[in-house]
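**Student:** Every letter in the sequence shown is one number past the one before it in full-length UniProt numbering, and letter 6, counting from 1, is 6.
Where is the CB? At the ideal position from N, CA and C, for every residue including glycine.
For reference, the structure I am asking about is given below.
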Amino acid sequence: MTWAESRANCKRLPGGADLVAIETQQENEFLLKMITDLRQGNCAIVLTSGRKNSEGGWYWASTGKPFSYTYWWPGEPNNVEGAEDVVEFYYHTTGTYRWNDRRAGQKFCSLCEIP
């Protein structure tokens with residue numbers, strides 16, 4: 001699903017679900033363990049609306065809050081071709097996930113949370 005489709009899918013779940021927002025190192029470590037344990041294929045896990053605003057800053061669409069914690073791959077976010085505006089967990093062949101910026105229209109797996 002695209003980022004917008006993923007978010008709409010999360011919002012259909014009960015309890016006010018939305019794409020996941022990662023605001024602390026502890027949340028990030030929990031999710032890293034969970035998605036690593038559950039990993040099937042080479043699936044990029046979309047973070048909440050980890051979105052880029054018009055000034056180039058990043059925020060969580062589900063909360064409206066700017067990022068207070070990040071876990072980018074080295075050299076990220078790099079905004080390839082000026083078109084990368086959402087955040088994903090990207091799996092590397094080293095066996096680890098980190099954050100990467102990606103185009104919102106590309107297809108992803110998604111991860112929802114209920115506040």
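1. Closest to P74 by CA distance: which of A8, G64, Y97 is it?
2. Given a cut-off of 9 Å, decide if W99 and G50 are closer than it, judged by their beta-carbon atoms.
3. Could you tell me the boundaries of the alpha helix (DSSP H) in which S6 lies?
4. Considering only their Cβ atoms, is the gap separating E84 from D101 smaller than 9 Å?
5. Mapping the DSSP letters down to three states, classify K65 as helix, strand or coil.
6. Is it buried or exposed, R12, if we count other Cβ atoms within 10 angstroms and call 16 or more buried?
7. Within this structure, are the beta carbons of W60 and A21 separated by less than 9 Å?
8. For G50, which three-state DSSP category applies?
**Tutor:** Put simply:
1. In terms of CA proximity to P74, Y97 leads the group A8, G64, Y97.
2. The answer is yes: Cβ separation under 9 Å.
3. Membership of S6 in the alpha helix (DSSP H) is indicated by the continuous run 3-11.
4. Contact annotation: D101 and E84 have beta-carbon atoms nearer than 9 Å.
5. In the structure shown, the three-state DSSP call for K65 is coil.
6. Its Cβ having fewer than 16 others within 10 Å, R12 is exposed.
7. Against a cut-off of 9 Å, the Cβ pair of A21 and W60 comes out as a contact.
8. G50 sits in a strand when the DSSP states are folded into three classes.
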